[in-house]
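Under mature numbering (1 follows the signal peptide of the UniProt record, and there is no 0), the letters of the sequence shown match residues -20 to -1, 1 to 584, in that order.
These notes concern the structure reproduced below.
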Amino acid sequence: MRKLLVITAIAAAWMPLACARVINVADEGIVPGADVTLRLNLLMASIKDEADVTLIFPKGTYEFYPEDAQEIYRRVANHDNSLKRMGFPLFGCKNITIDGGGSTFMFHGRIVPFVVDGADGVTLKNFSIDWARAFHDELRVIESDENGKFAILEADPTRYPQTIERGRLRSIKYDWKDDMSACLVWDPKTRSPIINTQDYATGLSKHTATRAGDNRYRLEANFGKAAPPVGSVLISYGARPTSRLCPAIHLANSKDITVMNVTIYAAGGMGLIAERVENIHVDAMTVTSTQERLISTRADATHFLGCKGQIRVENCLFEHMLDDGINVHGAYVKIVEYLGNNTFLCEISHFQQWGITFAEAGDRVALLSSVNLQPFHQTTVIETRTLNEKRFLVTLADMPQDMPEGALAMENLSWYPDLVFRNNIIRENRARGLLVSTKGKVLIENNIIASQMHGILIEGDNNVWYESGGVEDVTIRNNTFVNVGFDGAERYPLYASPKLTGKQRQGDERYHRNITFANNTIRSFSGSLVFARSVSGLTIEDNSIEFSADYPEVTGFPAIDLSYCDTVSISGNKANGFGRSLIIRPCTHCTNVKIGDNNGFEGN
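In structure tokens, the structure reads:
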């Protein structure tokens, strides 16, 4: 009897492995060198209700075209909502693995490579994503007006074909044309945004274009302080609201997702966007450009909105994006009206957030003042009812006795993840390295960050993107920051402050809590270290900041600039090679500030 029980136990333990099915896609007629879109869509539909399936792709280049792709209306956070065609529609799947075997998935036109929705236990691994024709344009500057009135640009007719219509330069894409609008100047030598990027205008929708030779175009416009210098590259990345239609990977309403050893060379949006997902592991993912292109993704490398559980991002390289490396945050929604019976009419304010799932029954939410971002009541959602993409109703379990005057907002407290961001590189991109606004436990360690703007931005805003919320436990340690802030503005390796408009003000309570910035190495041409406002519990200790001659030295702002902070400790920091003492500005409207020994700093 005992032997029988042992055999039964062993058989039960191995049963999941025995039941798992491995499909070589070649057996289904899916082979490299051909348009596999229809066959793959049919295969995905056939296994939709089957668990524990692995799709194996023999190594090669697989082509995906939009004509035969499945289409559905998709609301994608921080993107443009639309009917979207999909390469890999993974809806309602359980324990599905896509193993590319080192293959390239090459896409053509407006198509979203991967959509994972309502899934559990999906793994994407061992493949690269690219587009035959990128969503942006790279135009080399041949001649430049020092007064900023015109430039002559040259376009590669194969990669970036252009035409002139009604005096405007238009980019010829797969089956549409893009107007020139948002632009950025890039340095082909550093493969990153040009130094002092803000000197050059980024909005060129108003221009006059004429031909100036074969594949050359004279562009008359207001370029700002000067036209882009000769030899630089003008990056044009389209006009809203159609410039963010196609992220490479969209994860939504799912659980336990793994993305491993995936390379993204291009995307008409973000590399990976996740919303309302529990537990995500991103390992050895690369977002980079090809040798023929300077730009990788149109927007962020990775972005996580309203997730929970743990987000782990490890051993990744994110470079050459037109936006941030990673952004982790929740969402505020505007309260339009109280309707009685514990019910509010709410509104999603930013058009690229329309359609997000803000809350569901059982979620904990906070009511807060939009004037000072201070919460005044917490309760539970009883019911939600969607009216349209922009507005919805929320019924709460109970109401506060009193509500403050002025505009109000609501914040979901249930969907905030922990974050581990470890052993990654973010470099040579527009904008910031990391944006973190989550109430979960955050660990950022052993990374290299070399971004155009702030290295790490801990913000939260209730007026532009409505990205919540205040952090409660952030540790930033053993990272290396290299030349952050070369766009020409005042930038910091760590910038922690809520984003307030002129109509908003500081509240009595601090917005952020418990931030530690320790044992980091900073190579800097400006001497900037930390800017913090409205933080309770801030530790800045044992950091080393070294002068870098990679860019012209910038002076005139303090290394450490604090206001409205409580319980602050600054000690053990060392500055080398600047030829001057770095400034610790006296903390205004602060309490319990302790400044210990800091070498090379003034204001100890």
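The C-beta atom is built at its ideal place from N, Cα and C for all residues, glycine as well.
Status (buried if at least 16 other CB within 10 Å, exposed otherwise) for residue i
i	result
residue 26	exposed
residue 381	exposed
residue 181	buried
residue 484	buried
residue 529	exposed
residue -1	exposed
residue 273	buried
residue 461	buried
residue 288	buried
residue 316	exposed
residue 147	exposed
residue 249	buried
residue 555	buried
residue -10	Confidence at residue -10 is low in this model, with a pLDDT of 47, below 50, so the placement of that residue should be treated as unreliable; the coordinate-derived value is given next. Residue -10 comes out exposed.
residue 331	exposed
residue 20	buried
residue 143	exposed
residue 571	exposed
residue 311	buried
residue -20	Caution applies to residue -20, whose pLDDT of 46 falls short of 50 and renders its modelled position unreliable; the value that the coordinates give is listed next. Exposed: under 16 other Cβ atoms inside 10 Å.
residue 481	exposed
residue 64	buried
residue 79	buried
DSSP three-state assignment for residue i, whether helix, strand or coil
i	result
residue 199	strand
residue 234	strand
residue 498	strand
residue 21	helix
residue 60	coil
residue 469	coil
residue 5	helix
residue 333	coil
residue 143	strand
residue 179	helix
residue 26	helix
residue 362	strand
residue 589	A question about residue 589 goes unanswered here, because the residues of the chain that appear run from -20 up to 584.
residue 188	strand
residue 259	strand
residue 138	coil
residue 163	strand
8 Å contact criterion, which residue i and residue j should meet: CB distance rounded
i	j	result
residue 617	residue 44	Absent from the structure is residue 617, since the part of the chain shown begins at -20 and ends at 584.
residue 237	residue 33	Residue 237 to residue 33, Cβ: 16 Å. No contact.
residue 540	residue 564	5 Å
Residue i versus residue j: straight-line alpha-carbon distance, rounded
i	j	result
residue 403	residue 501	14 Å
residue 319	residue 363	14 Å
residue 560	residue 396	42 Å
residue 9	residue 17	11 Å
residue 533	residue 550	25 Å
residue 439	residue 353	12 Å
residue 411	residue 338	27 Å
residue 575	residue 140	55 Å
residue 587	residue 232	The shown model of the chain, from -20 to 584, leaves out residue 587, and the question about it has no answer.
residue 585	residue 241	No answer is possible for residue 585: the residues shown for the chain start at -20 and end at 584.
residue 429	residue 299	10 Å
residue 136	residue 509	41 Å
residue 478	residue 450	8 Å
residue 295	residue 405	8 Å
residue 113	residue 360	48 Å
residue 229	residue 581	45 Å
residue 76	residue 11	20 Å
residue 488	residue 388	17 Å
residue 129	residue 187	10 Å
residue 132	residue 151	16 Å
residue 127	residue 201	11 Å
residue 268	residue 302	11 Å
residue 292	residue 262	6 Å
residue 568	residue 537	16 Å
residue -7	residue 2	Reliability fails at residue -7, whose pLDDT of 45 lies under 50, so the model's placement of it is uncertain and the value that follows must be treated cautiously. Taking the straight line from one Cα to the other gives about 16 Å.
residue 257	residue 456	24 Å
residue 514	residue 546	8 Å
residue 416	residue 392	16 Å
residue 264	residue 322	47 Å
residue 433	residue 90	30 Å
residue 219	residue 333	17 Å
Check: residue i C-beta below 6 Å from any heavy atom of the ligand MG
i	result
residue 437	Here there are no bound small molecules, and the ligand MG is not part of this structure.
- Message: In chain order, what are the residue ranges of uninterrupted beta strand (DSSP E) at least 3 long that sit wholly in the segment 263 to 294?
- Response: 282 to 285 and 288 to 294
- Where are the alpha helix (DSSP H) runs, 4 residues long or more, that stay fully inside the segment 364 to 452, in chain order? none
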